[in-house]
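Chemist:
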Amino acid sequence: MTENEGYTWLDGQLVKNEQAMVPFMTSALHYGLGVFEGIRCYATPRGPAIFRLREHIQRLFESAKILGFQSLPYSEEQVVEACKEVVRANGFDSCYIRPLIFFDSQVKNLNLDVGWARVGIAAWYWGAYLGEEALEKGARMNISSFTRLHPNIMMTKAKITGNYANSVLAKTESARLGFDEAIMLDPQGYVAECTGENLFIVRRGIIYTPGTWAVLEGITRDAIITLARDMGCEVQEAQISRDHLYIADECFVSGTAAEIIPVTEIDHRVIGNGRRGPLTYRLMQAFHNVVRGEDERYQHWLEPVNA
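Under our numbering, the letters of the sequence shown match residues 31 to 337, in that order.
(1) Would you tell me roughly how many angstroms separate the C-alpha atoms of Glu295 and Ala278, rounded to the nearest one?
(2) I'd like the list of long-range same chain contacts for Ala58, defined as Cβ closer than 6 Å, with 5 residues on each side in sequence excluded.
(3) I think Ile87 touches Val110, with their Cβ atoms under 8 Å apart; what is that distance to the nearest whole Å?
(4) Comparing alpha-carbon positions, which option in Leu207, Leu140, Pro308 and Tyr37 lies nearest His298?
(5) Restricting to Cα atoms, I'd like to know which of Gly62, Leu83, Cys125 and Tyr238 is closest to Glu106.
(6) I'd like to know if Ser175 contacts chain B, where contact means its C-beta is closer than 8 Å to some C-beta of that chain.
(7) At the level of alpha carbons, what is the spacing between Met314 and Gly145?
(8) Does Lys189 pass the burial test, meaning 16 or more other C-beta atoms within 10 Å, or should it be called exposed?
(9) Can you tell which of Asn303, Ala152, Arg170 and Trp154 has its C-alpha closest to the C-alpha of Leu160?
(10) By the three-class DSSP mapping on this structure, what secondary structure does Gln266 have?
(11) For Leu140, is the classification buried or exposed, using 16 other Cβ atoms within 10 angstroms of its Cβ as the cut-off for buried?
(12) Compute the Euclidean distance between the alpha carbons of Cys71 and Pro78, then round it to the nearest angstrom.
(13) Mind checking who Glu280 pairs with in its DSSP beta bridge?
(14) Can you list, in chain order, the residues of its chain with a C-beta nearer than 7 Å to that of Gly285? Leave out the 5 residues immediately preceding and following it.
(15) Three or more beta-carbon pairs under 8 Å between the stretch 263–270 and the stretch 237–248, yes or no?
(16) Using the C-alpha atoms, what's the distance from Leu97 back to Ala195?
(17) Please report the straight-line C-alpha distance between Ala337 and Asp325, rounded to a whole angstrom.
(18) Pull up the CB-CB distance for Ala164 and Ile291, whole angstroms please, since I reckon it's below 8 Å.
(19) So, with DSSP's three-state summary, where would you put Met261?
(20) Where DSSP assigns a beta bridge to Asn172, which residues make up the other side?
(21) Given Asn193, which residues of its chain have a CB within under 6 Å of its CB, disregarding the five upstream and five downstream residues?
(22) Tell me the DSSP secondary structure of Lys46 in three-state form.
(23) Who does Asp134 pair with in a DSSP beta bridge?
(24) Taking its Cβ as the centre, do 16 or more other Cβ atoms sit within 10 Å of Ala158, making it buried, or is it exposed?
(25) Do Thr38 and Arg322 count as a contact pair if the criterion is CB distance below 8 Å?
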């Protein structure tokens, strides 16, 4: 099936992908006025199931509130069901789901109160975010020259479309320098996150990750912390300096698109022994079992599409 043969849910109904269009003058396009989520659906023994769907939709609505929408045309439950409908309509066993709430207006200004919210949901197949090779050999990263957003300049707890210009600048710079991904520092100079992933390091058996005061509260991040603690690992939220990264025993990143990716080089410095670390591998295996419905303890994280 090609992209144009699939279906998108737009403003309450399924339409063919080629018909899921918005006018050029839509304010969301010109000003970055929208909020979104990235969600993965996995093939499981019980059929396709969406990982932590309700938490993602709750965060979507929280992002809309943070941006300033005063009302939305659909409830959280309606959007949850619409996500399932999109997966079914496209016949996916596994896929990536993209719900988007965006601003539309007939008056072209910078005031959210003179327009209305629209909602769309798309889905497509998306494999390994940085490629299959990165899962085995690890990713090469660098510290970006671009600083992560200050929490009083752009809201860091919301997935606002306009925020991602910051990520695009950093990612493009890193790619042009020959790296796979960028690591961004917060306004105080401590490690924040990557352009679309949360970051973890392992040092002397303890897992450290930046606190949520300056980063997006990642849903996969939360799952990793839970899995690690259930495995008996100590996890600490901490301020991580740039040089902490260089002397880490292991490093990995997590996100919906990325899942878990080991990091084996930062700023031309080899991390650990230059290979995927043992604790990283254990977490990758555990996460793989969870999202594919092979660990009964975490079945509540999976929302069946065909229930």
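Every residue, glycine too, gets a C-beta built ideally from N, C-alpha and C. Bear in mind the structure is a predicted one, so any value in this text is a computation, not a measurement.
Modeler: Reading from the atomic positions:
(1) Within the sequence shown, the letter at position 265 stands for residue 295. Within the sequence shown, the letter at position 248 stands for residue 278. Cα to Cα, Glu295 sits roughly 11 Å from Ala278.
(2) As a first step, residue 58 must be located in the sequence shown, where it is residue number 28. If we look at Ala58 and ignore the five residues flanking it on each side, its Cβ neighbours are Gly64, Phe132 and Phe133.
(3) As a working mapping, residue 87 is identified with position 57 in the sequence shown. As a working mapping, residue 110 is identified with position 80 in the sequence shown. About 5 Å; that satisfies the 8 Å criterion.
(4) The count along the sequence shown starts at 1 and reaches residue 298 at position 268. Ranking Leu207, Leu140, Pro308 and Tyr37 by Cα distance to His298 puts Leu207 first.
(5) Position 76 of the sequence shown holds residue 106. Of the candidates Gly62, Leu83, Cys125 and Tyr238, the one whose C-alpha sits nearest the C-alpha of Glu106 is Leu83.
(6) Included in the structure is just one protein chain, with no chain B present.
(7) Within the sequence shown, the letter at position 284 stands for residue 314. Within the sequence shown, the letter at position 115 stands for residue 145. Cα to Cα, the separation comes out at about 44 Å.
(8) Working through the sequence shown from its first residue, we reach residue 189 at position 159. That one is buried.
(9) Looking up residue 160 in the sequence shown gives position 130. That would be Arg170, whose Cα lies nearest to the Cα of Leu160.
(10) For the purposes of this step, residue 266 is taken as residue 236 along the sequence shown, with counting starting at 1. In the structure shown, Gln266 sits in a strand (DSSP, three-state: E or B).
(11) Along the sequence shown, read from residue 1 onward, the residue named residue 140 stands at position 110. The residue is exposed, with fewer than 16 neighbouring Cβ atoms inside 10 Å.
(12) In the sequence shown, counting from the first residue as 1, residue 71 sits at position 41. In the sequence shown, counting from the first residue as 1, residue 78 sits at position 48. Looking at the two C-alpha atoms, the distance is approximately 6 Å.
(13) Residue numbering aside, residue 280 sits at position 250 when the sequence shown is read from its first letter. Glu280 pairs with Val232.
(14) Against the sequence shown, residue 285 aligns to sequence position 255. Within the same chain, Gly285 has close Cβ partners Gly226, Glu227, Asn228, Gly248 and Thr250.
(15) yes
(16) The residue given as residue 195 occupies position 165 in the sequence shown. The residue given as residue 97 occupies position 67 in the sequence shown. Their Cα atoms are separated by approximately 16 Å.
(17) Here residue 337 refers to the residue found at position 307 of the sequence shown. Here residue 325 refers to the residue found at position 295 of the sequence shown. When rounded, the distance between both Cα atoms is 19 Å.
(18) If you number the sequence shown from 1, residue 164 lands on position 134. If you number the sequence shown from 1, residue 291 lands on position 261. Going by Cβ atoms, the distance from Ala164 to Ile291 rounds to 5 Å, so yes, they are a contact pair.
(19) Start at 1 with the first residue of the sequence shown, and residue 261 comes out as number 231. Met261: coil per DSSP, three-state reduction.
(20) The residue labelled residue 172 in the question sits at position 142 within the sequence shown. DSSP output for Asn172 lists Ala212 as bridge partner(s).
(21) Residue 193 sits at position 163 when you count from the first residue of the sequence shown. Closer than 6 Å at Cβ, skipping near neighbours: Met184.
(22) Position 16 of the sequence shown holds residue 46. Lys46 falls in the strand class under three-state DSSP.
(23) The residue labelled residue 134 in the question sits at position 104 within the sequence shown. For Asp134, which the question treats as bridged, DSSP gives the partners Trp146.
(24) Residue 158 sits at position 128 when you count from the first residue of the sequence shown. Ala158 comes out exposed.
(25) Taking the first residue of the sequence shown as 1, we reach residue 322 at position 292. Taking the first residue of the sequence shown as 1, we reach residue 38 at position 8. Cβ distance not < 8 Å, so Arg322 and Thr38 don't count as in contact.
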